[in-house]
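Read top to bottom, the protein sequences are chains U and B.
Position one of the first sequence corresponds to residue 1 (UniProt numbering), numbered consecutively onward.
Position one of the second sequence corresponds to residue 1 (UniProt numbering), numbered consecutively onward.
All remarks here apply to the structure that follows.
There are 2 protein chains.
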Amino acid sequence: MKKQDAVERIEYELTTFIRRAAYKDSSENKIGNLERATYLLLRELDEFGPARVKALAESFKLDISTLSRQAAALEEKGLIVRSSDPADGRVSLFSITELGKQKLKKDKRMRLERYQSMLKEWTGEEKELFGTLLNRLNEAFID
Amino acid sequence: MKKQDAVERIEYELTTFIRRAAYKDSSENKIGNLERATYLLLRELDEFGPARVKALAESFKLDISTLSRQAAALEEKGLIVRSSDPADGRVSLFSITELGKQKLKKDKRMRLERYQSMLKEWTGEEKELFGTLLNRLNEAFID
DNA sequence: ACTATATATTTGTATTATACAAGCATATTA
DNA sequence: TAATATGCTTGTATAATACAAATATATAGT
Numbered sequence: 001m002k003k004q005d006a007v008e009r010i011e012y013e014l015t016t017f018i019r020r021a022a023y024k025d026s027s028e029n030k031i032g033n034l035e036r037a038t039y040l041l042l043r044e045l046d047e048f049g050p051a052r053v054k055a056l057a058e059s060f061k062l063d064i065s066t067l068s069r070q071a072a073a074l075e076e077k078g079l080i081v082r083s084s085d086p087a088d089g090r091v092s093l094f095s096i097t098e099l100g101k102q103k104l105k106k107d108k109r110m111r112l113e114r115y116q117s118m119l120k121e122w123t124g125e126e127k128e129l130f131g132t133l134l135n136r137l138n139e140a141f142i143d
Numbered sequence: 001m002k003k004q005d006a007v008e009r010i011e012y013e014l015t016t017f018i019r020r021a022a023y024k025d026s027s028e029n030k031i032g033n034l035e036r037a038t039y040l041l042l043r044e045l046d047e048f049g050p051a052r053v054k055a056l057a058e059s060f061k062l063d064i065s066t067l068s069r070q071a072a073a074l075e076e077k078g079l080i081v082r083s084s085d086p087a088d089g090r091v092s093l094f095s096i097t098e099l100g101k102q103k104l105k106k107d108k109r110m111r112l113e114r115y116q117s118m119l120k121e122w123t124g125e126e127k128e129l130f131g132t133l134l135n136r137l138n139e140a141f142i143d
């Protein structure tokens, strides 16, 4: 594969990974990448608490209108719930519901099982180090 | 971030990475001048030589019709060229052109520069190891 | 207090990538 | 040589997205 340079190797592997990961996400749930978006949105609300549309859009780097629709869809399914901000009548605050927490937990378990199976031959040390390096990459990715 | 388990950490970081990478690649914030699919297709043809639509579709895990359209668009731009397989009149073989190679090279350089800048504080050893682990992850990702 | 402006969100519209199905050309097989 | 299979293209539908317009509420200037 003639990747003489480590950075070149990393670029190549990450690009490949993104393509394969996108396929996985869409093949398991034939509903486009709504499942992925749902997972991320539920995870965000679960981890950081209630948030408004604008904050979610900024977090995901998507247009506000896109998040407005995603949130409305999840609200419709009962996975998140809307409340108004007493301090500002324009704002809708979304929180994860019990049902949403259940779904998130189930989704997460399935994803972790998949990763566990893929990484089953890695040593504990390798997994630790990989996680740490990925975290550093992500930190560097923020502009 | 309370990720007690290394696999949980890896899942979290990879999911985050995919979201951010998708944003970077989106038209206004893309790293290079070529959209993601174009980059991948040119890279494939450059690295492995002429290929038919079906093979490309399988490689990218996309529908044949989707690849047919992507290839037609790149052909239109002069980045790849179509030739017929003398052994089978139904087949179109696509090859990268000189123009395609130029654009691929330019785009790749820009991507590498970006990664180099993000990873500039990593040791050579860390980068080597990260590339190796990513490669193993990708191998495990093939089902 | 009143009006103009700013902000948060929703809704309308266009674009793009995709899958699936139908169609067409060429190969292969019975 | 007719029937079937294969490779690709084209027609159509769907989903995610961005941008623009509309609506509701808040804030600032006078």
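We put the CB at the ideal spot given by N, CA and C, even for glycine.
{"Asked": "Helix, strand or coil at U/I10 according to DSSP, with G and I counted as helix", "Found": "helix"}
{"Asked": "Completely contained alpha helix (DSSP H) runs for the UniProt domain \"HTH marR-type\" (11-139) of chain U, where each covers 4 or more residues", "Found": "34-48, 53-60, 64-76 and 98-118"}
{"Asked": "Cβ neighbour criterion (16 or more within 10 Å) applied to B/L99", "Found": "exposed"}
{"Asked": "Minimum Cβ-Cβ distance from U/G131 to chain B less than 8 Å", "Found": "yes"}
{"Asked": "Within 8 Å, strictly: CB atoms of U/L119 and B/F130", "Found": "no"}
{"Asked": "Distance, B/E47 Cα to B/L40 Cα", "Found": "10 Å"}
{"Asked": "Interface flag, B/T123 vs chain U, CB-CB below 8 Å", "Found": "no"}
{"Asked": "Buried versus exposed call for B/K106 [16 or more other C-beta atoms within 10 Å across all chains shown]", "Found": "exposed"}
{"Asked": "Residues near B/L74 by beta carbon distance below 7 Å, same chain, minus five either side", "Found": "T38, L41 and I80"}
{"Asked": "C-alpha gap between B/R90 and B/S84, whole angstroms", "Found": "8 Å"}
{"Asked": "Contacting positions in the stretch 54-79 of chain U - beta carbon closer than 7 Å to chain B", "Found": "F60 and K61"}
{"Asked": "Closest Cα partner of B/G78 within the set B/T97, B/F60, B/L14 and B/S68", "Found": "B/T97"}
{"Asked": "Euclidean distance between Cα positions of B/E13 and B/D88", "Found": "46 Å"}
{"Asked": "Sequence-distant residues of the same chain with beta carbon closer than 7 Å to U/N29, five excluded per side", "Found": "Model confidence at U/N29 stands at a pLDDT of 42, short of 50, so the residue's coordinates are unreliable; what they give is reported in the following sentence. E35."}
{"Asked": "Rounded C-alpha distance that separates U/R136 from U/R20", "Found": "22 Å"}
{"Asked": "Same chain, Cβ closer than 8 Å to U/R52, five either side skipped, listed in chain order", "Found": "D85, V91, S92, L93 and F94"}
{"Asked": "Euclidean distance between Cα positions of U/Y115 and U/K24", "Found": "12 Å"}
{"Asked": "Beta-carbon contacts of B/R43 that lie in its chain and below 7 Å, excluding the five residues immediately before and after", "Found": "L104"}
{"Asked": "U/I64 beta carbon less than 8 Å from that of U/A72", "Found": "no"}
{"Asked": "Proximity of B/A140 and U/K127 at Cβ, strictly below 8 Å", "Found": "no"}
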